[in-house]
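*Asks:*
Protein chains: 2
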Amino acid sequence: MKGLMMDDYPLTMITILERVAKYFANHEIVTRRPDRTLHRYTYGEFYRRSHKLASALVKAGIKPGDRVATLMWNSYSHLEAYFGIPITGAVMHTLNLRLSPQDLAYIINHAEDRFIILEDVLLPLFEQVKNQINVEKVIVVPFSGKPVPGEYIDYEQFLATGDESFSYPKIAETDAAAMCYTSGTTGRPKGVLYSHRSLMLHSFGLALPDSIGISMYDTLMPVVPMFHVNAWCIPYVAVMVGAKMVMPGPYLDPASLVDLFEKEQVTLSAGVPTIWAGIIDLLDQNPGKFKFAPNLRLVVGGAAVPEAIIRRFDKHGITVIHAWGMTETTPLGTVARIKPEHLTESEDRKYQIRATQGLPVPFVEARVVDGEGNVVPEDGKTFGELQVRGPWIAAQYYKGENTGKWTEDGWFRTEDVAVVEPGGYIRLVDRTKDVIKSGGEWISSVQLENALMGHPAVKEAAVIAVYDPKWQERPLAAVVLREGMTATPDELREFLAPKFAKWWLPDYFVFVEQLPKTSTGKIAKVQLREMFKDWKPENN
Amino acid sequence: MKGLMMDDYPLTMITILERVAKYFANHEIVTRRPDRTLHRYTYGEFYRRSHKLASALVKAGIKPGDRVATLMWNSYSHLEAYFGIPITGAVMHTLNLRLSPQDLAYIINHAEDRFIILEDVLLPLFEQVKNQINVEKVIVVPFSGKPVPGEYIDYEQFLATGDESFSYPKIAETDAAAMCYTSGTTGRPKGVLYSHRSLMLHSFGLALPDSIGISMYDTLMPVVPMFHVNAWCIPYVAVMVGAKMVMPGPYLDPASLVDLFEKEQVTLSAGVPTIWAGIIDLLDQNPGKFKFAPNLRLVVGGAAVPEAIIRRFDKHGITVIHAWGMTETTPLGTVARIKPEHLTESEDRKYQIRATQGLPVPFVEARVVDGEGNVVPEDGKTFGELQVRGPWIAAQYYKGENTGKWTEDGWFRTEDVAVVEPGGYIRLVDRTKDVIKSGGEWISSVQLENALMGHPAVKEAAVIAVYDPKWQERPLAAVVLREGMTATPDELREFLAPKFAKWWLPDYFVFVEQLPKTSTGKIAKVQLREMFKDWKPENN
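Pasting the structure below:
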């Protein structure tokens, strides 16, 4: 028997956009423009301009399902695109301005973007891309105050062609609203297409008290770029609950961010660990100097947050909330909140818990599965792959690429290797492609590397799998020594021995001048494995 | 273009039941049994027993869509029914134990309940119903410790026939999960059928920080009965977030409730104003005696909360949260939270705002529409009917009854008369059937009654519409005077004059010995209108 509720009322952005205009029209959106001045306006103006953008897009020929790309920093005009594009039924496709022109061109062509909206400060980047792509209209936000070059369309003039009284088309909750490409370290970027439904459900999940906890009393500053999984969807929650927003524009240096925290009394910010590492140095160097909102919280994701960072922020009365997610999970999957029964544990244990990836939020199901397909026990030791499913997890990539990322029973394979600690806290230990599979057991490359880098003579270390006729794979450590220092394989093996099971210890140590790196400075393990693909034990 | 997320992942109770078992198995559910002893167990046991109940129901022949009724106070076994019934695909139908045997029989027959689960302390009520109904199995929870009479099935023995390893059937999110009947003061009760989807979305809406704000750190005690719109769906949120629950059983007197607040350190409770009126008297009489949780909040709904109650609780450091809803709205529609920009207003104004019905929660759309179909301005004066729509608002009644409650464009007509105050706060002023329509303008019977009862000689007053050839309707006040006191119509009119527009003042005052009442003690305006239906001005 069916229920008799309004189950056909669609979960779309239209409802939250109408809500913010009706009840929070006077709440503010503050943007640091490229010239460092602050632009301020209200949700009321935001609403009218989003409607004008939608209307202008429709008049210019945009149809439901079309892709409209953005190439922008965090700003009010980017927020207008966040809503103005999807309320026409079209798909907002955010472009990562840190990608190479080649990758950008590939993504724009792959997504078949019809229009692109960009900030004029990003024109130098765009000009390296434009000859490789074929978009119909290029709309430029004139942030610098200079006239927009004649070959492009001025965003403000484009808006002026639209009506404030935009009437919404019929949008199904399963229609696509937004699109992001993964920044996979291997292979081509793959497109993830978010439905209105998934974004709205995710907004509920994100705003819950035990997740991030977001209220109309908050002032939200996403430092995470709006082209990075929709700024973790903070903009949608802001509109849903009517929270003031602060947009840092292109200025992500510690001093600029801290200045906005103070001036606008930010209560909640979000970004990757690197951002917070810079800020905590600034705070430690200037104790008591900054007057922040008393309830300032920082959401950290995108990479594991070191426990030391959490401790250092605590000393300043600032709470770090560690969360985990991926482009394919909208992104929120888990949040590291201590359960009430663990409040009585030691301070050290509590910091350990806060540095795990935490517990899945309601409606995200997570399981950690070993090589034989068994769910691992909650012992904090047994390795497995983290797999997730739920209403805001990707079901497939755009154009059906890489179907191997889903299990036969419909779970998304994160390719993260994890253990489950007592209490259910998930802790990531490696990537599946980097873990060493030795005789059916898994060895974490990351844990060995972290331990090796604790040795005084080691500057850098990377651990990879090499072929072994008996165990299939065995660990090899590539080590860069600090200048003027020495260490032998036996010394390093002895150094590691107390921390690991004997069979975890690397069989081989190779000393190198430097390790291969990716364009973003990460160790390029793919290249490293390539270097050692014909490794023979007798080499050592 | 469709999104490519897991949009077919259904929003059902199964996901939250699995979640609580996986991450919060050791959190407690505490119940005051009819013999006043406390029963304690964990979500882990609750999960196993819910599965056994589901399995036993299926073995006994319950099929998806079947209705299984409950006749119970708030208790752990009622919570087992809340989940054990719907996870089979069947519909849990809660029966209001305060109804007359005749109404209960009507509802059971109308819903075509196949089984009924009840507490043995309610057998005396059930025995007055049983000859008027035709249910297949009567399952009795043996709370009193006495053996269950042979003609019924012992709940514990019934559970023993089920397996712990219940495997879920495929349930669509639009399938019905629960059923409640309205307790309409006019006409027959009407059935509302909640889908899994509507209950799960409502749980998100209820748990948001700006709604009620519910966390795994909370200890939740629903005083509102589980047969009253699913205890406002607090049990579902408790399971979703893993919050400890406290069930008061049949003891709703102030001393028993306050005792549980203290013993179990309740942080969030919910109930109708009458409950809190009794408790605040007890607290005022015993200042400083009780040691409550420091963050105790009380959700008040079901009827408007007097501002004085909010003020009195504040003096004890206890926050009253006023919320509005109906059986047809699952129930949460609006919550009276002060917006940040109104924090600077006077204390009096802030209390006024907290005593309004407040702002709609995300995804509930509300509009107040006057007699001509226009949305009223935010002036705090213009009357209109409150209408709502959204994913947890009823789309129709069971068996298609009373279709007139929905507008042509799909909004639910609450039959509440409201004004909208500046800032969007909704304030209810009357019921549509009680408001007096005088020459196209509306007069609130409730406001006139409240003012009249402020006169020292007036014990009770009710204001109704009587026919008027010129204005269609004009107000008549039926007044009961306090013993030994007198007042004339002119005196009362003069008393009201400073508070109201002149055309609001009742044309007629009739002094009566007593006012007709309903079974629950409310003034029976239907009867009163019947008494004065042939009213002629010359009577006065």
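In order, the protein sequences belong to chains V and U.
Residue numbering for the first sequence follows UniProt numbering, starting at 1 and increasing by one per position.
Residue numbering for the second sequence follows UniProt numbering, starting at 1 and increasing by one per position.
The C-beta atom is built at its ideal place from N, Cα and C for all residues, glycine as well.
1) Looking at the secondary structure, which residues open and close the alpha helix (DSSP H) in which U/T15 lies?
2) Going along chain U, which residues have a C-beta under 7 Å from V/M13?
3) Let's test the definition: count the other Cβ atoms within 10 Å of the Cβ of U/K244 and tell me whether it reaches 16, buried, or not, exposed.
4) Drop a sphere of 10 angstroms on the beta-carbon of V/P52, count the other beta-carbons inside from all chains shown, and report buried for 16 or more, exposed for fewer.
5) Apply the 10 Å Cβ neighbour rule to U/G145 and answer buried if 16 or more other Cβ atoms are within range, or exposed otherwise.
6) Just list the residues that DSSP pairs U/P475 with in beta bridges.
7) Quick check: is the beta carbon of U/L193 nearer than 8 Å to any beta carbon in chain V?
8) Below 8 Å, how does it come out for the segment 267-275 of chain U and the segment 207-224 of chain U: are there three or more Cβ pairs, yes or no?
9) Within the same chain, show all residues whose beta-carbon is closer than 6 Å to that of V/I523, passing over the 5 residues directly before and after it, in chain order.
10) Who are the near neighbours of V/D468 in its chain, counting only those whose CB is closer than 7 Å to its CB and skipping five residues on each side?
11) According to the Cβ coordinates, are V/A457 and V/A487 closer than 8 Å?
12) Could you check the C-alpha separation between U/I14 and V/G439 for me, to the nearest Å?
13) Per DSSP, what kind of secondary structure is V/M117 in: helix, strand or coil?
14) I'd like to confirm the pairing. Which residues does DSSP put opposite U/A69 in its beta bridges?
15) Got a sec: is the Cβ-Cβ distance from U/E112 to anything in chain V below 8 Å?
16) Quick check: the segment 328-345 of chain V against the segment 256-263 of chain V, are at least 3 beta-carbon pairs closer than 8 Å?
17) Given the structure, does V/R188 come close to the ligand COA, in the sense that its CB is under 7 Å from one of the ligand's heavy atoms?
18) At the level of alpha carbons, what is the spacing between U/L386 and U/I426?
19) Is V/G325 close to chain U, meaning its C-beta is less than 8 Å from at least one C-beta of that chain?
20) Do we get a CB-CB distance below 8 Å when we pair U/W392 with the residues of chain V?
21) In angstroms with no decimal places, state the Cα-to-Cα distance between V/G301 and V/T274.
22) Let's see if you can read the secondary structure: which residues bound the beta strand (DSSP E) around U/K437?
23) Suppose contacts are defined by Cβ-Cβ distances below 8 Å. Is U/I280 in contact with U/I234 by that definition?
24) So, U/S444 versus U/I464, is the Cβ gap smaller than 8 Å?
25) With a threshold of 8 Å between beta carbons, is V/T94 in contact with chain U?
26) What is the rounded straight-line gap between the Cα of residue 543 of chain V and the Cα of U/L528?
27) Within the same chain, show all residues whose beta-carbon is closer than 8 Å to that of U/V375, passing over the 5 residues directly before and after it, in chain order.
28) So with Cβ pairs under 8 Å, would you call residue 556 of chain U a contact of chain V?
29) Find the nearest neighbour of V/D253 within the set V/M200, V/E491, V/G278, judged by alpha-carbon distance.
30) Check V/T403 in the structure and name its three-state DSSP category.
31) Any idea if U/D409 is buried or exposed, counting beta-carbon neighbours within 10 angstroms, 16 or more meaning buried?
32) Where does residue 543 of chain U land, buried or exposed, given buried means 16+ other C-beta within 10 angstroms?
33) Going by DSSP in three states, V/W276 sits in which element: helix, strand or coil?
34) Alpha carbons only, please: which of U/P124, U/E151, U/V299, U/I171 is nearest the one belonging to U/E136?
35) Quick one: complete beta strand (DSSP E) runs, 3+ long, within the segment 303-362 of chain U?
36) For the alpha helix (DSSP H) containing U/V376, name the first residue and the last one.
*Replies:* Reading it off the structure:
1) As a working mapping, residue 15 of chain U is identified with position 15 in the second sequence. U/T15 -> alpha helix (DSSP H) spans 13-23.
2) As a working note, residue 13 of chain V is residue 13 in the first sequence. Residues of chain U passing the Cβ test: none, with the nearest at roughly 11 Å.
3) Along the second sequence, read from residue 1 onward, the residue named residue 244 of chain U stands at position 244. It counts as buried.
4) The residue you call residue 52 of chain V lines up with position 52 of the first sequence. Before going on, a small fix: residue 52 of chain V reads as Lys here, not Pro. Around the beta carbon of V/K52, a 10 Å sphere encloses 16 or more other beta carbons of the protein chains shown; the residue is thus reported as buried.
5) Within the second sequence, the letter at position 145 stands for residue 145 of chain U. By the neighbour-count rule (16 or more Cβ atoms within 10 Å), U/G145 is not buried but exposed.
6) One-based indexing of the second sequence puts residue 475 of chain U at position 475. Answer is U/A465, bridged to U/P475.
7) Against the second sequence, residue 193 of chain U aligns to sequence position 193. Cβ-Cβ to chain V under 8 Å: yes for U/L193.
8) Result yes; three or more Cβ-Cβ pairs closer than 8 Å.
9) Locating residue 523 of chain V in the first sequence gives position 523, where the first residue counts as 1. Result list for V/I523: A462, L515, in chain order.
10) Along the first sequence, one-based indexing puts residue 468 of chain V at 468. Shown here for V/D468: same chain residues with a beta carbon closer than 7 Å to its own, the five before and five after excluded, namely R474 in chain order.
11) The sequence position of residue 457 of chain V within the first sequence is 457, counting from 1. The sequence position of residue 487 of chain V within the first sequence is 487, counting from 1. Yes. Within cutoff.
12) The count along the second sequence starts at 1 and reaches residue 14 of chain U at position 14. The count along the first sequence starts at 1 and reaches residue 439 of chain V at position 439. Rounded to the nearest angstrom, the two C-alpha atoms are 38 Å apart.
13) The residue given as residue 117 of chain V occupies position 117 in the first sequence. As written in the sequence, residue 117 of chain V is Ile, which differs from the Met given in the question. Strand.
14) As a first step, residue 69 of chain U is located in the second sequence; it is residue number 69 there, counting from the start. Beta-bridge partners of U/A69 (DSSP): U/H93, U/I116.
15) Residue mapping note: residue 112 of chain U aligns to position 112 of the second sequence, counting from 1. With respect to chain V, the C-beta atom of U/E112 has no partner C-beta closer than 8 Å.
16) Too few Cβ pairs lie closer than 8 Å, so no.
17) Within the structure as shown, the ligand COA is missing, as the structure has no ligands at all.
18) Within the second sequence, numbered from 1, the residue matching residue 386 of chain U stands at position 386. Within the second sequence, numbered from 1, the residue matching residue 426 of chain U stands at position 426. Straight-line spacing of the CA atoms in U/L386 and U/I426 works out to 9 Å.
19) Residue 325 of chain V sits at position 325 when you count from the first residue of the first sequence. No, because no Cβ of chain U sits closer than 8 Å to the Cβ of V/G325.
20) Numbered from 1 along the second sequence, position 392 holds the residue referred to as residue 392 of chain U. Yes, contact with chain V.
21) Here residue 301 of chain V refers to the residue found at position 301 of the first sequence. Here residue 274 of chain V refers to the residue found at position 274 of the first sequence. Taking the straight line joining both Cα atoms gives about 10 Å.
22) For the purposes of this step, residue 437 of chain U is taken as residue 437 along the second sequence, with counting starting at 1. Looking at the DSSP string, the run of the beta strand (DSSP E) that includes U/K437 is 436-438.
23) Translated into the one-based positions of the second sequence, residue 280 of chain U becomes position 280. Translated into the one-based positions of the second sequence, residue 234 of chain U becomes position 234. U/I280 is not a Cβ neighbour of U/I234, given a cutoff of 8 Å.
24) For the purposes of this step, residue 444 of chain U is taken as residue 444 along the second sequence, with counting starting at 1. For the purposes of this step, residue 464 of chain U is taken as residue 464 along the second sequence, with counting starting at 1. No, they are not a contact pair.
25) As a first step, residue 94 of chain V is located in the first sequence; it is residue number 94 there, counting from the start. No, because no Cβ of chain U sits closer than 8 Å to the Cβ of V/T94.
26) Here chain V comprises residues numbered 1 to 540, so residue 543 of chain V is not present and cannot be evaluated.
27) Taking the second sequence and counting its residues from 1, the one referred to as residue 375 of chain U is at position 375. Around U/V375: R367, V368, V369, G384.
28) The question about residue 556 of chain U has no answer, for chain U in this structure spans 1 to 540.
29) The residue you call residue 253 of chain V lines up with position 253 of the first sequence. V/D253 has its Cα closest to that of V/G278, out of V/M200, V/E491, V/G278.
30) Numbered from its first residue, the first sequence carries residue 403 of chain V at position 403. Collapsing the DSSP output to three states places V/T403 in a helix.
31) For the purposes of this step, residue 409 of chain U is identified with residue 409 of the second sequence, where counting begins at 1. U/D409 should be labelled exposed.
32) Residue 543 of chain U cannot be examined here, being either before or after the span of chain U that is shown, 1 to 540.
33) Along the first sequence, read from residue 1 onward, the residue named residue 276 of chain V stands at position 276. It is helical.
34) For the purposes of this step, residue 136 of chain U is taken as the residue at position 136 of the second sequence. Closest option to U/E136, Cα to Cα, is U/E151.
35) List check, beta strand (DSSP E) in window: 319-325, 332-335.
36) For the purposes of this step, residue 376 of chain U is taken as the residue at position 376 of the second sequence. Counting along the chain, U/V376 falls outside any alpha helix (DSSP H), and DSSP gives it neither H nor E.
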